[in-house]
Amino acid sequence: MSIRPGTFLPLSHSIQARVTLAVAAVSVLVAAVIAAGLCLLIRNRVESEIFKETRRVATEWIGLMERGQVPPPAPTARAPLIQLVDSRGRVVTAGPMAGDRPLSTVRPTEENRFRDVTECPESERCVMLTAGRIPSLQSWELWRGEPHFVYVGTDQPPALRGQRLELLIGSGGALLAALWTWTTWRATGRILRPINAIRQRMSEINANDLSLRVPQPSGRDEIARLARAANQTLGRLESAVTRQREFAAVVSHELKSPLTGLRTGLEEALLYPEIDAREAIARSLPAADRMQQIIDELLAFARFRNTPRSSEPVDLGALVVAEAAARTGVPVHARTEPDVRVLGNRVQLASIVTNLLVNAQRHATGQVDVSAERAGAQALVVVLDDGDGVGKEDRERIFEPFTRLEAGRRLDPDGSGLGLALCRAIAVAHDGSLCVEDSPRGARFVLRLPLLTG
Numbered sequence: 466m467s468i469r470p471g472t473f474l475p476l477s478h479s480i481q482a483r484v485t486l487a488v489a490a491v492s493v494l495v496a497a498v499i500a501a502g503l504c505l506l507i508r509n510r511v512e513s514e515i516f517k518e519t520r521r522v523a524t525e526w527i528g529l530m531e532r533g534q535v536p537p538p539a540p541t542a543r544a545p546l547i548q549l550v551d552s553r554g555r556v557v558t559a560g561p562m563a564g565d566r567p568l569s570t571v572r573p574t575e576e577n578r579f580r581d582v583t584e585c586p587e588s589e590r591c592v593m594l595t596a597g598r599i600p601s602l603q604s605w606e607l608w609r610g611e612p613h614f615v616y617v618g619t620d621q622p623p624a625l626r627g628q629r630l631e632l633l634i635g636s637g638g639a640l641l642a643a644l645w646t647w648t649t650w651r652a653t654g655r656i657l658r659p660i661n662a663i664r665q666r667m668s669e670i671n672a673n674d675l676s677l678r679v680p681q682p683s684g685r686d687e688i689a690r691l692a693r694a695a696n697q698t699l700g701r702l703e704s705a706v707t708r709q710r711e712f713a714a715v716v717s718h719e720l721k722s723p724l725t726g727l728r729t730g731l732e733e734a735l736l737y738p739e740i741d742a743r744e745a746i747a748r749s750l751p752a753a754d755r756m757q758q759i760i761d762e763l764l765a766f767a768r769f770r771n772t773p774r775s776s777e778p779v780d781l782g783a784l785v786v787a788e789a790a791a792r793t794g795v796p797v798h799a800r801t802e803p804d805v806r807v808l809g810n811r812v813q814l815a816s817i818v819t820n821l822l823v824n825a826q827r828h829a830t831g832q833v834d835v836s837a838e839r840a841g842a843q844a845l846v847v848v849l850d851d852g853d854g855v856g857k858e859d860r861e862r863i864f865e866p867f868t869r870l871e872a873g874r875r876l877d878p879d880g881s882g883l884g885l886a887l888c889r890a891i892a893v894a895h896d897g898s899l900c901v902e903d904s905p906r907g908a909r910f911v912l913r914l915p916l917l918t919g
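Heads up: the sequence shown begins at 466 in this note's numbering, then just goes up one per residue.
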């Protein structure tokens, strides 16, 4: 049962929305922190520069005041407001832009003679100024000890008035957060789009059609590797299912003939009373034996493929000599080298040698040669007969389950065609190989296995 292609679309949108909301929350928080820090930095920097100038002008003017003489105020472009105010709040002298009203009511003390303040009278502009107290000695010389105060300031810059700076930077931060969120939405969509396409295609694949493959993006990122891995898995799955179907078809075909013969013999015994029952049963037994042989070999083949392999050091030379000595019929000549050792399952490796020797004796005319030797980092077991050999076009086909050539059917009518397939499966499970190679006479089967080192 397949799933409709659109099933996963809401899920991808949900992921995209959740990711975007999370990024939006983080971006708003980060933008707020950056905006607050930037506002504080700008405000402090501007105020520091202004107060530095106003304090400099105030200090220089106070320093120029001498006995009986107060020099005229000297405003600057950055500090245009300057006043001298007595203790009763009257303006003694002032710059042209300061007016005749005191700029501030702040009265610094003797201990802290300068104070930086921002005055914002109602319905008037804000003024940033430095209030300075005239030293006591100068006050005695000039005004018989009456305290006097100097105010030097400037209008507050427009950016610092009210919350303008905060609003301006906050608007920029909000715009940045919105842009970041929109970029995340688009980027997340681009990332999820191929994933969504992969999920949709996966939902269309079912056991009846394994030929479909997921879209594979270009590049070498994680999504591209995921798509490639999915396609490789689907390819292996398709191959496995195809082999399983072919295997089932071949099994049913192989079992059909003996089952038909068995059923025919039993039906004849029922339809024709004159047929002796014991004789009918005796004629049916070979078909039953044939079925049992096929089923036993199928079970052995399946058991090998599904059972973990145990490993131990195996001396291939000793194993080959033992298996050759156990054979009867066509003579088997064994030749081995010392210390040809591999890591594997002794019983399974012995079954390979036995099957190869049985197959060689079946096709040989005079003798069979078997050898175990070292070849670099590999161990080689070679089984050679002096029969008709195997044609190049059939050298791979004979390792397929239930494949039997005409000569094999003639020499062994009761064979199942699983022996060589099981031998190759065991060799591959031991990280080795089994194949038929060229030889001047007969068939030359070569088993290669990794040598045991150390």
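Every residue gets a Cβ at the ideal spot worked out from N, C-alpha and C, and that includes glycine.
Beta carbon of residue i nearer than 8 Å to that of residue j
{"i": "Gln681", "j": "Ala694", "result": "no"}
{"i": "Val823", "j": "Leu781", "result": "no"}
{"i": "Glu802", "j": "Glu838", "result": "yes"}
{"i": "Pro915", "j": "Ala842", "result": "yes"}
{"i": "Pro778", "j": "Leu917", "result": "yes"}
{"i": "Ser552", "j": "Ala596", "result": "no"}
{"i": "Ile634", "j": "Leu494", "result": "no"}
{"i": "Pro424", "j": "Gly554", "result": "There is simply no residue 424 to check, as the chain begins at 466 and stops at 919 in what is shown."}
{"i": "Glu575", "j": "Arg598", "result": "yes"}
{"i": "Ile663", "j": "Ala643", "result": "no"}
{"i": "Val535", "j": "Leu594", "result": "no"}
Enclosing beta strand (DSSP E) for residue i [first to last residue]
{"i": "Thr583", "result": "Phe579 to Glu584"}
{"i": "Cys591", "result": "Neither: Cys591 is in no beta strand (DSSP E) and is coded neither H nor E."}
{"i": "Ser898", "result": "Ser898 to Glu902"}
{"i": "Val855", "result": "Per DSSP, Val855 belongs to no beta strand (DSSP E) and is neither H nor E."}
{"i": "Glu739", "result": "Per DSSP, Glu739 belongs to no beta strand (DSSP E) and is neither H nor E."}
{"i": "Gly679", "result": "Correcting the residue type first, residue 679 is Val in the shown sequence and not Gly. Unbroken run through Val679: none, as it is neither H nor E."}
{"i": "Gln548", "result": "Leu546 to Asp551"}
{"i": "Pro567", "result": "From DSSP, Pro567 is part of no beta strand (DSSP E); its letter is neither H nor E."}
{"i": "Val795", "result": "Per DSSP, Val795 belongs to no beta strand (DSSP E) and is neither H nor E."}
{"i": "Arg909", "result": "Arg909 to Pro915"}
Secondary structure of residue i, DSSP reduced to three states
{"i": "Val847", "result": "strand"}
{"i": "Arg800", "result": "strand"}
{"i": "Thr558", "result": "strand"}
{"i": "Thr619", "result": "strand"}
{"i": "Arg626", "result": "coil"}
{"i": "Pro773", "result": "The predicted model places Pro773 with a pLDDT of 49, which falls under 50 and marks its position as unreliable; any figure quoted below should be read in that light. In the structure shown, Pro773 sits in coil (DSSP, three-state: anything other than H, G, I, E or B)."}
{"i": "Arg598", "result": "strand"}
{"i": "Thr729", "result": "helix"}
Endpoints, the alpha helix (DSSP H) within which residue i is located
{"i": "Leu885", "result": "Gly884 to Ala894"}
{"i": "Thr819", "result": "Arg811 to His828"}
{"i": "Leu607", "result": "Ser601 to Trp608"}
{"i": "Val786", "result": "Leu781 to Ala790"}
Residues that DSSP places opposite residue i in a beta bridge
{"i": "Glu531", "result": "Gln534"}
{"i": "Glu838", "result": "Leu845"}
{"i": "Arg806", "result": "Asp780"}
{"i": "Asn671", "result": "Asp674"}
{"i": "Phe614", "result": "Val550 and Arg598"}
{"i": "Val833", "result": "Val797 and Asp850"}
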